[in-house]
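When the count follows our numbering, it moves up by one through the sequence shown with no breaks and lands on 371 for the last residue.
Quick reminder that beta carbons are idealized off the backbone N, C-alpha and C, glycines included.
Worksheet for the structure shown next.
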Amino acid sequence: MMRSAVRGIGSALPRRIMGNKEFEGLVDTSDEWIVQRTGIRQRHIAADDETTASLGEDAARKALENAGLEPGDIDLIVLATSTPNNTFPATAVEIQDRLGMHHGYAFDLQAVCSGFVYAITVADLHIRGGLARRALVIGSETFSRILDWSDRTTCVLFGDGAGAVVIEGIEGEGSSADRGIIASSLRSDGAQKDKLYVDGGPSTTGTVGHLRMQGREVFKHAVGMITDVIENVFAKADVTAGDIDWFVPHQANKRIIDASARKLGIAEEKVVVTVDLHGNTSAASVPLALAHAVADGRIKRGDLVLLEAMGGGFTWGAVLLRW
Numbered sequence: 049m050m051r052s053a054v055r056g057i058g059s060a061l062p063r064r065i066m067g068n069k070e071f072e073g074l075v076d077t078s079d080e081w082i083v084q085r086t087g088i089r090q091r092h093i094a095a096d097d098e099t100t101a102s103l104g105e106d107a108a109r110k111a112l113e114n115a116g117l118e119p120g121d122i123d124l125i126v127l128a129t130s131t132p133n134n135t136f137p138a139t140a141v142e143i144q145d146r147l148g149m150h151h152g153y154a155f156d157l158q159a160v161c162s163g164f165v166y167a168i169t170v171a172d173l174h175i176r177g178g179l180a181r182r183a184l185v186i187g188s189e190t191f192s193r194i195l196d197w198s199d200r201t202t203c204v205l206f207g208d209g210a211g212a213v214v215i216e217g218i219e220g221e222g223s224s225a226d227r228g229i230i231a232s233s234l235r236s237d238g239a240q241k242d243k244l245y246v247d248g249g250p251s252t253t254g255t256v257g258h259l260r261m262q263g264r265e266v267f268k269h270a271v272g273m274i275t276d277v278i279e280n281v282f283a284k285a286d287v288t289a290g291d292i293d294w295f296v297p298h299q300a301n302k303r304i305i306d307a308s309a310r311k312l313g314i315a316e317e318k319v320v321v322t323v324d325l326h327g328n329t330s331a332a333s334v335p336l337a338l339a340h341a342v343a344d345g346r347i348k349r350g351d352l353v354l355l356e357a358m359g360g361g362f363t364w365g366a367v368l369l370r371w
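Have a look at this one:
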C-alpha cells in the first residue's frame with residue numbers, strides 16, 4: 049500500500065516579535081488578560097518585505113534541506129493560505145518560481161486555519177493516485193495584513209509565519225504501523241460562515257476587508273467539531289488516544305487545546321503547544337508547531353502523531369501519521 053511519509057520539515061517566522069504589552073497602547077487590554085484568555089504571550093509580525101510568498105519560500109527551502117533534496121526532486125507544491133500575495137495567480141506558483149522549479153505543478157488551497165490539514169490530505173491523495181512522487185506542503189500566512197488593529201477581540205490573537213513539509217510516496221503494509229499518513233478526516237459547514245470571516249473580497253466589496261469573529265461561538269463549536277474528526281481517524285486506523293505519541297493541534301487558544309485533549313483522553317504531556325510563542329498563525333499553525341517539536345527532539349522517527357485544526361467556514365479536520 050502506498051503511504052505519504054514526511055521526509056523533511058522547515059519553518060520561517062518574521063523578524064519582529066510583538067509582545068502583549070505593545071497592545072496596551074493600541075486597545076483596551078493587558079498582558080494578563082490576553083494570557084488568561086488565550087495563552088498567547090507573543091506573536092511575529094511581518095515587515096513590508098516579508099510576505100506569504102517569502103515566508104513560504106524560506107520554510108520550503110528549510111524543509112528541502114532537512115530532507116536532503118533539491119527543488120528538482122519535487123513534483124507538486126500545495127500552499128495552504130488565506131492571505132495570498134495576489135488575488136491571482138496562486139502564491140504557490142510564485143514560490144515555485146522563487147525555488148527555481150519550472151516543472152511539476154503548484155496551487156493554493158483555502159480552508160483558513162484548517163488549511164494545512166486539508167493541504168497535506170490533498171497532497172497525499174495526489175501521491176497515492178500517482179500524479180506526484182514528492183510534494184511540498186506549505187502553510188504560510190500574513191494575517192497581520194487583514195486585522196482590524198482597533199478590534200481588541202481579534203488583533204491580539206493572530207500572528208504571521210510559515211511551516212512546510214516534504215512528503216514522498218513509500219510502500220507500506222496497510223497497517224497503523226506504517227510510516228506516513230495513515231488516516232485523514234475533513235469536514236465543513238458553510239452555515240457557520242458568519243462566526244469567523246473576512247468582511248471583504250473581490251466579488252463583493254472589491255476590497256481585502258478585515259477579519260471578524262464571534263469568539264464565544266467559535267469556542268462553543270470548536271471542541272465538539274475537533275473531537276468528531278479525531279474519533280473518525282481513530283476508527284479508520286483502529287487506534288485509541290492511548291496509542292498517540294504526540295498531539296499537534298491548531299494553535300488558536302490554549303483553553304480550546306486543553307479542553308480538546310481532556311475530552312479525547314490525551315495526556316497533557318503529549319500535547320504540543322506553541323500558541324504562547326506564535327499566536328494563531330492560521331494555516332501555518334500546525335506545521336510551525338510540528339517543526340518546533342521536531343527541532344527540540346520531542347517528535348522522533350516512528351512516533352504516532354495526531355494533527356487537527358478548525359477554521360473559518362467552518363472547516364475542520366484531522367490527520368494521523370507515523371513520523
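Asked                                                                                                         : Found
For V75, the nearest candidate out of W197, A239, G350, I229 (CA to CA)                                       : W197
Span of the alpha helix (DSSP H), counted from its first residue to its last, around W81                      : 79-86
Own chain residues within Cβ distance below 6 Å of D172, not counting five before or after                    : S52, I229
Per-residue DSSP class, three states only, for D90                                                            : The sequence shown places Gln at residue 90, not Asp. Note: Q90 maps to strand in three-state DSSP.
Other residues of its chain near T255: CB distance less than 7 Å, five sequence neighbours each side excluded : G248
Short Cβ contact (7 Å threshold) for T275 with K311                                                           : yes
7 Å Cβ cutoff met for G359 and V160                                                                           : yes
Secondary structure, alpha helix (DSSP H): runs of 4+ residues fully inside the region 325-352                : 333-343
DSSP-derived helix/strand/coil call for I175                                                                  : helix
Boundaries of the alpha helix (DSSP H) in which T139 is found, first to last residue                          : 139-146
Inter-stretch contact (C-beta, 8 Å, three-pair minimum) for the region 137-157 and the region 111-127         : yes
Identity of the residue in G187, G313, E221 nearest T131 by Cα                                                : G187
Candidates D79, Q262, I168, A332, of which the one nearest S232 by Cα                                         : I168
Paired residues, beta bridge with W364 - DSSP                                                                 : R235, M358
Beta carbon of G58 nearer than 7 Å to that of A107                                                            : yes
Sub-7 Å separation of L336 and G207 beta-carbons                                                              : no
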